[in-house]
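K.L.:
Here you go, one structure.
In this note's numbering, the protein residues as written are 251 to 433.
Rendered as structure tokens:
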């Protein structure tokens, strides 16, 4: 009996310690970069629940059905799997787009956010919205005001289905297209 109690106590201790261990680092779902890294230009994005409230409160506007072509895309920012922080290799694209829009103040900026097909439709809509908001925040840090920017989260719309997470097709689907639109 003493052995059983000692074994259960040891197993319980290991369970508690492993649970505490997993809480030390960021959650796998928290893909925001830390302020020390500066991936989001020192700003923080809203929580998932706030994002959901924002999506529900936002009505469909005339730009949501706007068909754009390759000639309308100023830049495309790509993201890692399940991430919405702008990677260091992608920041130059946002900077170039900001320079373009600074030189063309008559143009409106439309950010179309996309995800791959992994995850639920709701999750992918939120993730694509967060990606757009990360680009919007980065534009703000570069002096482009949010009054010129429209966000349209497309989620997994148009994603290549049934491909591996690390395939070129899936990587291509994880993006925000920065599109020019005449006011």
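Think of the CB as a built atom: it goes at the ideal place given N, C-alpha and C, for glycine as much as any other residue.
Taking the straight line between their C-alpha atoms, what separation do you get for residue 426 and residue 336?
P.N.:
10 Å
K.L.:
So the beta strand (DSSP E) residue 421 belongs to, where does it begin and stop?
P.N.:
Per DSSP, residue 421 belongs to no beta strand (DSSP E); it is in the alpha helix (DSSP H), 418-423.
K.L.:
Taking 6 Å as the limit between beta carbons, can you name the residues of its chain near residue 311, skipping five residues before and five after?
P.N.:
With a pLDDT of 47 at residue 311, under the threshold of 50, the modelled position of that residue is not reliable, and the figure given next carries that caveat. So no residue of the chain qualifies.
K.L.:
So residue 405 and residue 374 are in contact, right, with Cβ under 8 Å, and what is the actual spacing, rounded?
P.N.:
So it is a contact: roughly 4 Å between Cβ atoms.
K.L.:
I think residue 424 touches residue 364, with their Cβ atoms under 8 Å apart; what is that distance to the nearest whole Å?
P.N.:
7 Å
K.L.:
Quick one: residues in its chain with C-beta nearer than 7 Å to the C-beta of residue 396, no 5 flanking neighbours on either side, listed in chain order?
P.N.:
386 and 390
K.L.:
Within the same chain, show all residues whose beta-carbon is closer than 7 Å to that of residue 378, passing over the 5 residues directly before and after it, in chain order.
P.N.:
363, 364, 365, 403, 404 and 405
K.L.:
In whole angstroms, give me the CA-to-CA distance for residue 392 and residue 421.
P.N.:
26 Å
K.L.:
Am I right that residue 343 and residue 360 are in contact with their C-beta atoms under 8 Å? What's the rounded C-beta distance?
P.N.:
Not a contact, Cβ separation roughly 16 Å.
K.L.:
Check whether the Cβ atoms of residue 334 and residue 381 lie closer than 8 Å to each other.
P.N.:
By the CB criterion at 8 Å, residue 334 and residue 381 fall inside the cutoff.
K.L.:
Quick one: is residue 414 buried, meaning 16 or more other Cβ sit within 10 Å of its Cβ, or exposed?
P.N.:
Result: exposed.
K.L.:
Along the beta strand (DSSP E) that carries residue 358, what are the first and last residues, could you check?
P.N.:
From DSSP, the beta strand (DSSP E) with residue 358 extends over 357-364.
K.L.:
Going by alpha carbons, who is nearest to residue 324 out of 368, 370 and 354?
P.N.:
Residue nearest to residue 324 within the set 368, 370 and 354 is 354 (criterion: CA-CA distance).
K.L.:
Less than 8 Å between the beta carbons of residue 428 and residue 347, yes or no?
P.N.:
yes
K.L.:
Using the Cα positions of residue 368 and residue 332, report the straight-line distance between them to the nearest angstrom.
P.N.:
9 Å
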